[in-house]
Amino acid sequence: MKKHFILIIVIICFNSKAMTQNKFIERLEDVHPFFTKLDLSLQIKKIDQQETTSNQDWLVGIKTNFNNVGIDNNLNTISVDFLATKKIVSSGANIIFKHSWRQQNKNISTSVDTNNSKFSIDYIHPLLKNANGINDQLNTDLSNINIQISKLNIAEQKEAFILIQLKKFIDLAYIQERLIIDNQRLDLATQELTLVKQKFKMAVIDKVDVLLQEDAYHSAKQRQLQTQQYLNILRYELSIILDINLYSVKAEFDLYKPYIINKEDDLKQYLLANSRILKIADLNQDLLELQLKSDKSNSKAQFDLKLGIINESKNSYYTNSISNPSLSWNIGLDFSYPIGNIQAHSNITKTQIMLAKAKEKKQEQLLNIYAKANVLKQKIKYLVEILELSKAQIKTATARTVEERRRYNNANSQVSFVIAAQNNEQSANLNYIQVFKNYQESVLNFKEIIDQLSPL
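Per this note's numbering, residue 236 is the first one in the sequence shown, and the count goes up by one each step.
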């Protein structure tokens, strides 16, 4: 029964389709809550952005009042006021609609009720301070830029998270290759042990050769088991992260695929044009530029043009008070300016310093990114040279194993030399794939620095 169960597992693993790197990323983005959390945070930012437009709402109000004056005359006054205001943020202007109605009456038989109706429209337009609505639009403009910054920051966080997970994917491909090498070494040790035991039975070799070969077999078996266990643990982890069946966790990845770096590209210019971190730095400068324009506007005098139209009528009947209005209009200028204007000038100076600091910060970030990218670029080149040396090492180790086997078969060497050569050949192969793993991880780090790791 146990054999059948193992066979079923082997069949499932064999038939399971391996994942490419792109499929791995797609699955990760589809199921992992990390990405959902970032998308929700962006939604909150967008709601905050909508909130900044609240100054464009109509403000409507109604006020009613009843007033009684005097004991003998008993004068009653009823008033109803309706007010509607609207800010026109594109110009900074305010428009105010107001309608007032007053009714006065006395509880005396000779008294006559008086109805007063007044309708007015006032328009206030800034000419200096807040001209063109700079201050009114500031929060919305800042919020629009902050949305762009949030999107770039989210892309940076996503890519950093994907980098961590992709290194596990590379590790999976590496362990799969390592298990193949360990299985080959175990198969060879098993065959050698069988052959040595046969030779011992025929009294061709000594007991010590059998013991040495058994030790080699146990060492190979131990390495194979350790690699298998590490592979299983990694598969368990990735199956949970990706929310897929354990036996579907297989990497379809060419560990030996070289990465071509375009030598013709100017890396610094490429980073200036494409780096998200540097784009964020530019947007932060845009925020301060907007703030500086607003600060300069606030430093100007309050100089407003005011226009007004009034329809007012008075009659004993309410209907007549509405139908027979008298028209009047007014125009005026309001001017005010704080002598010294210390706060406004201080704000301008502070924002200018912050802007200069932001520009220097961008240059610092450029140097840091450029240095890291260059270091990784050089590291990739050096690893290619090491890979060539590792190839030569494998070739030498293989030739040594063949020669030691030939000498042992001709009774000119000891079995320990053969085992040592075989172990050395395995170590050379393992070192080769380890260097390739380091190479692929360095490629991932380089792509992440230049924002080419994944299409986000």
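All C-beta atoms, glycine included, are put in the ideal place defined by N, C-alpha and C.
| Query | Result |
| --- | --- |
| Shortest alpha-carbon distance to Ala516 belongs to which of Glu599, Val315, Ala579, Ser335? | Glu599 |
| At what residues does the alpha helix (DSSP H) containing Val443 begin and finish? | 442–477 |
| Put Thr312 into one of helix, strand or coil per three-state DSSP. | strand |
| How should Leu197 be labelled, buried or exposed, when 16 other C-beta atoms within 10 angstroms of its C-beta is the threshold for buried? | Only positions 236 to 691 of the chain appear in the structure, and residue 197 is not among them; the question remains open. |
| Which residue or residues does DSSP assign as beta-bridge partners of His334? | Phe317, Phe354 |
| Quick one: measure Cβ to Cβ for Ile380 and Leu522, integer angstroms, because I've assumed they're closer than 8 Å. | 5 Å |
| For Glu391, write down the residues that DSSP places opposite it in a beta bridge. | Bridge partners of Glu391: none, in fact. |
| My output table needs one value for Gly575: the three-state DSSP class, helix, strand or coil. | coil |
| In the DSSP assignment, what residue or residues form a beta bridge with Glu547? | Lys353, Ser561 |
| So if DSSP puts Lys322 in a beta bridge, which residue, or which two residues, is it bridged to? | Asn329 |
| Given the structure, does Gln392 come close to the ligand NAD, in the sense that its CB is under 6 Å from one of the ligand's heavy atoms? | Absence of the ligand NAD is noted for the structure shown, with no ligands found whatsoever. |
| Please work out which residues of its chain come closer than 7 Å, Cβ to Cβ, to Glu487, disregarding the five sequence neighbours upstream and downstream, and give them in chain order. | Ala253, Met254, Thr255 |
| Enumerate in chain order the residues of its own chain whose CB-to-CB distance from Glu676 is below 7 Å, with the five nearest sequence positions on each side excluded. | Lys402, Ile405 |
| I need the boundaries of the beta strand (DSSP E) containing Thr255, first residue and last residue. | Segment: none, Thr255 is in no beta strand (DSSP E) and carries neither H nor E. |
| Can at least three beta-carbon pairs, one atom from the segment 523–533 and one from the segment 361–371, be found at a separation below 8 Å? | yes |
| Given a cut-off of 7 Å, decide if Ala455 and Leu421 are closer than it, judged by their beta-carbon atoms. | yes |
| Is Ala486 helix, strand or coil by DSSP? | strand |
| What are the partner residues of Pro361, as DSSP defines its beta bridges? | Asp539 |
| From Ile544, Ile313, Asp274, Asp376, pick the residue whose C-alpha is nearest to that of Lys393; which is it? | Asp274 |
| Could you check which residue in Leu568, Met589, Asn519 has the C-alpha nearest to that of Gly543? | Leu568 |
| So, with DSSP's three-state summary, where would you put Lys492? | coil |
| Could you round the C-beta distance between Ile512 and Ile604 to whole angstroms and report it? I think they count as a contact, below 8 Å. | 6 Å |
| Excluding the 5 residues preceding and the 5 following Thr299 in the sequence, name in chain order all residues of the same chain whose CB lies nearer than 6 Å to its CB. | Val315 |
| Taking C-alpha atoms, which residue in Leu423, Glu427, Lys549 lies nearest to Asn350? | Lys549 |
| Would you call Ile415 buried or exposed, if buried means 16 or more other Cβ atoms sit within 10 Å of its Cβ? | exposed |
| Going by Cα to Cα distance, which pick from Ile410, Ser378, Gln339 is closest to Lys280? | Ser378 |
| Given this structure, state the Cα-to-Cα distance separating Ala634 from Val670, to the nearest angstrom. | 21 Å |
| On the criterion of 16 or more Cβ atoms from any shown chain inside 10 Å, does Gln448 qualify as buried, or is it exposed? | buried |
| Just curious, the beta strand (DSSP E) that Ile297 is in, first and last residue? | 294–304 |
| Which residue's Cα is closest to the Cα of Lys258: Tyr409, Ile479, Thr287, Ile495? | Ile479 |
| Could you name the residues of the same chain whose beta carbon sits closer than 8 Å to that of Ser325, not counting the 5 residues immediately before and after it, in chain order? | Asn367, Gly368, Gln372 |
| Thinking just about the alpha-carbon of each residue, which of Ile440, Ser571, Asn546 is nearest to the one in Leu562? | Asn546 |
| Name the one or two DSSP bridge partners that Gly567 has. | Lys541 |
| DSSP on Asn673, reduced to helix/strand/coil? | helix |
| Where do the N-terminal and C-terminal ends of the alpha helix (DSSP H) with Leu522 fall, by residue? | 511–533 |
| Among residues of its own chain, excluding the 5 on either side of Leu481, which ones have a beta-carbon nearer than 7 Å to its beta-carbon? | Arg470, Tyr471, Ser474 |
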